[in-house]
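For reference, the structure discussed in these notes is given below.
Protein chains: 2
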Amino acid sequence: MPKVGMEPIRRQQLIKATMAAIDEVGLADVTVARIARHAGVSAGIISHYFGGKDGLLEATMRQILTDLGDAVAANRQELRHDTPRARLEAIIEGNFDRSQVTDPVAKTWLAFWASSMHKPRLARLQQINDRRLYSNLCAQFRCLMPLDEARLASRTLAAVIDGLWLRGALTPEGLHADGARRVALATLDRLLSTSDRPLSTSDAVTTAS
Amino acid sequence: MPKVGMEPIRRQQLIKATMAAIDEVGLADVTVARIARHAGVSAGIISHYFGGKDGLLEATMRQILTDLGDAVAANRQELRHDTPRARLEAIIEGNFDRSQVTDPVAKTWLAFWASSMHKPRLARLQQINDRRLYSNLCAQFRCLMPLDEARLASRTLAAVIDGLWLRGALTPEGLHADGARRVALATLDRLLSTSDRPLSTSDAVTTAS
DNA sequence: TTTTATTAATTGAACGTTCAATAAAAAAAT
DNA sequence: ATTTTTTTATTGAACGTTCAATTAATAAAA
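Line order of the protein sequences matches chains A and B.
Per my numbering, the first sequence starts with residue 1, numbered consecutively.
Per my numbering, the second sequence starts with residue 1001, numbered consecutively.
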C-alpha cells in the first residue's frame, strides 16, 4: 500500500472521517481509534500526520471555516447585479451553502463552537470567522443606511444566521437549508425596508456595545 | 459535620459548582473531582446524591432551563398593559434575564446544547424548552398577523434570541445582556411594523418547512 | 537499499465508580 | 440525664477501564 505522496490524501481522508465520527457519537466520545476506523487506517497515523488528536481536530475546524468562506466568496462572484442588497443576499446564500449543508458539517460546526470556549486555538479561528462575517455585512449595510443602523442590522442578521445553524444542528430532522434561507432572506428584507422609516423607541441605539 | 437534611443543600451546592467548573475549564474537561473540589466536598458524594456524573449534569441542565422558564413567566406577570406586543417584549426580557445572565450560565447553556446532540436525555429537555419558546412566540404573533407570517416571525425571533446567546457565550467579553436585548427588541419592532405592508418576493412563504 | 508509509503492541496517566469505614446527629432505652 | 442504638452524611482509597501517544517492527516504493 505505501505509496509516495499520500500526505494530502490521508489528511483529507482523516478530516472527513473526523466529521463523520463527530456526527455519529459527538465530540466528547470521539477517539482516535474511532476516527481511524472510519478512515480505514490505524490510529497511529493520526499522530504521524497531525501530531496528535488536537492537531486533527484543529485542522477539521479550519477546514469547515475555510469551506464556509469559500462558499460565500463563490456566491459573491456569481453576482450579475452587483448592488449592496444583492451582495447581502449572496452572503446569506453562502452561509446556507457552506460547501454542503450536511448534518455532519452542522454538528461538527456546533461542537467546535462550544469547544472553542475553552480552547484558545479554536477560539482564534472562530473569532476570525465571526469578524469576517460581521465586517462583510456591515460594509454592505453601510451603503444603505447610517452607521448606527448598519451596525444593528449586521448584528441582527449575524445572530439570525448563527441561530438558524444552532437550531438546525440540534433539531432531530437536521438543518433544512431552504427553510433557513427563507427566514434569513425575509429578515434581510425587513432590515432594508424599514431603514427609511422613523425609529420607534426600541430602535434607539446610542453607542455600540 | 454530618447534619440531617443536607440533601437539598448539597444538591444545590453541587449544581452551582458544576456550572462554575464548566465555566472554568469547559464541559469536556470537567471531572467529578473538580466539581467536588469547587463545592468543598469529596468526589464520592456526587454518586450518592445524583447516581453519578451524568445525573449531576442532567440536573444542572434542568436547573438552567427551569430558571429560564421562571424568568419568562415572572416577566410576563409583571405586565400592566397586557397586549400581544407587550407579551412578546416580556418574553424577550425574560430570555435575557435568565434568572441571572452570567457567564457561567451562558457557557453551561451552550455546552449542554452542543452535548444534547448525542445525549437523548438532554435532547429531550432541550426540545421541550425550544417548543415552549416557539409556541409562546407564535401564540402572540398570531394575534397580530396571519398564521404563515406568525410562524415566520416566531422562527425569526427564536433564531435571533438563540443566536445572541450563542455569540454572547463565545465572545471574550461575555454576553452583554443590554446590547442583546436591544437587538432582539429592534427585531421585534421590525417584525411587527412590516406585517401590514405588501410582501416582497423573499417574504413569500408557501408552506411551513 | 534506503526511504516512505503504516501497523500493532505497549505504556502510563486519568477518570468514574464503588465500598468499607467513620463521624455526627437523632432516637430510643436505661 | 446518661447511655446505647440507629440513621444519615461523608470520606478517601482501591479498582477496572479507557484513551492518546509512543515505539519498534513491517512492507511497499523508489
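C-beta: ideal position from N, C-alpha, C; glycine also.
- Here DSSP, grouped into helix, strand and coil, assigns Leu1175 of chain B to coil.
- Fewer than three pairs of CB atoms, one per stretch, sit closer than 8 Å, so the stretch 70 to 78 of chain A makes no contact with the stretch 142 to 154 of chain A.
- For Glu1078 of chain B, the three-state secondary structure derived from DSSP is coil.
- At the C-beta level, Cys138 of chain A and Ser154 of chain A come within 8 Å of one another.
- Cβ-Cβ separation between Gln13 of chain A and Ala39 of chain A: approximately 5 Å, consistent with a contact (criterion under 8 Å).
- Val1160 of chain B sits away from Ala1177 of chain B, with the two beta carbons spaced by 8 Å or more.
- The shortest CA-to-CA distance from Arg62 of chain A to any of A:His118, A:Gln126, A:Ala114 and A:Arg181 is the one to A:Gln126.
- A check of alpha carbon separations from Met1006 of chain B across B:Ala1186, B:Val1041, B:Glu1173 and B:Val1032 identifies B:Val1041 as the nearest.
- Assignment of Arg1098 of chain B by DSSP, reduced to helix, strand and coil, places it in the coil class.
- What Trp1113 of chain B touches in chain A, judged by beta-carbon distance under 8 Å, is Leu110, Ala114, Leu166 and Leu170, going in chain order.
- Counting along the chain, the unbroken alpha helix (DSSP H) around Cys1138 of chain B starts and ends at Pro1120 to Phe1141.
- Per DSSP, the unbroken alpha helix (DSSP H) holding Pro1104 of chain B starts and ends at Asp1103 to Ser1115.
- Pairing Arg1010 of chain B with Lys1053 of chain B, the inter-Cα distance amounts to about 15 Å.
- Fewer than three beta-carbon pairs drawn from the stretch 1022 to 1036 of chain B and the stretch 1079 to 1091 of chain B are found closer than 8 Å, and the two stretches are therefore not classed as touching.
- Nearest in C-alpha terms to Glu58 of chain A, of all of A:Arg124, A:Pro104 and A:Gly26, is A:Arg124.
- Look at His1118 of chain B: its C-beta is under 8 Å from a C-beta on chain A.
- The alpha carbon of Asn129 of chain A has as its nearest neighbour, out of A:Leu157, A:Pro120 and A:Leu68, the alpha carbon of A:Leu68.
- At a cut-off of 8 Å between beta carbons, Leu191 of chain A contacts chain B.
- In terms of Cα proximity to Thr156 of chain A, the closest of B:Ala1150, B:Leu1164, B:Leu1152 and B:Arg1151 is B:Leu1164.
- CA-to-CA, the gap between Asp1070 of chain B and Leu1079 of chain B works out to about 15 Å.
- For the stretch 1131 to 1156 of chain B, the set of positions with a beta-carbon nearer than 7 Å to some beta-carbon of chain A reads Leu1152, Arg1155 and Thr1156 in chain order.
- Gly1163 of chain B reaches chain A at Ala158, Ala159, Val160, Ile161, Asp162, Gly163, Leu164 and Leu166, counting residues in chain order whose Cβ is nearer than 8 Å.
- A distance of 8 Å or more separates the beta carbons of Asp23 of chain A and Thr83 of chain A.
- Burial of Arg182 of chain A is indicated by the presence of at least 16 other C-beta atoms within 10 angstroms of its C-beta.
- By the C-beta density criterion, Gly1051 of chain B is exposed, having fewer than 16 other C-beta atoms within 10 angstroms.
- Comparing alpha-carbon positions, the option among A:Ile45, A:Thr31, A:Ile46 and A:Ala158 lying closest to Gly94 of chain A turns out to be A:Ala158.
- Under the 8 Å criterion on CB atoms, Thr187 of chain A is classed as interfacial with respect to chain B.
- A check of alpha carbon separations from Leu56 of chain A across A:Val101, A:Ala106, A:Leu122 and A:Val25 identifies A:Leu122 as the nearest.
- With a cutoff of 8 Å on beta-carbon distance, Leu1110 of chain B and Ala1169 of chain B are scored as near each other.
- For Met19 of chain A, the enclosing alpha helix (DSSP H) begins and ends at Glu7 to Val25.
- Leu175 of chain A and Ala106 of chain A do touch by the CB rule: their CB atoms are close to 5 Å apart, below 8 Å.
- The alpha-carbon of Glu173 of chain A is positioned some 48 Å away from that of Val1004 of chain B.
- Around the Cβ of Arg1131 of chain B, a 10 Å sphere holds fewer than 16 other Cβ atoms; the residue is exposed.
- Counting every other CB atom within 10 Å of its CB across the protein chains shown gives Gln100 of chain A a total below 16, marking it as exposed.
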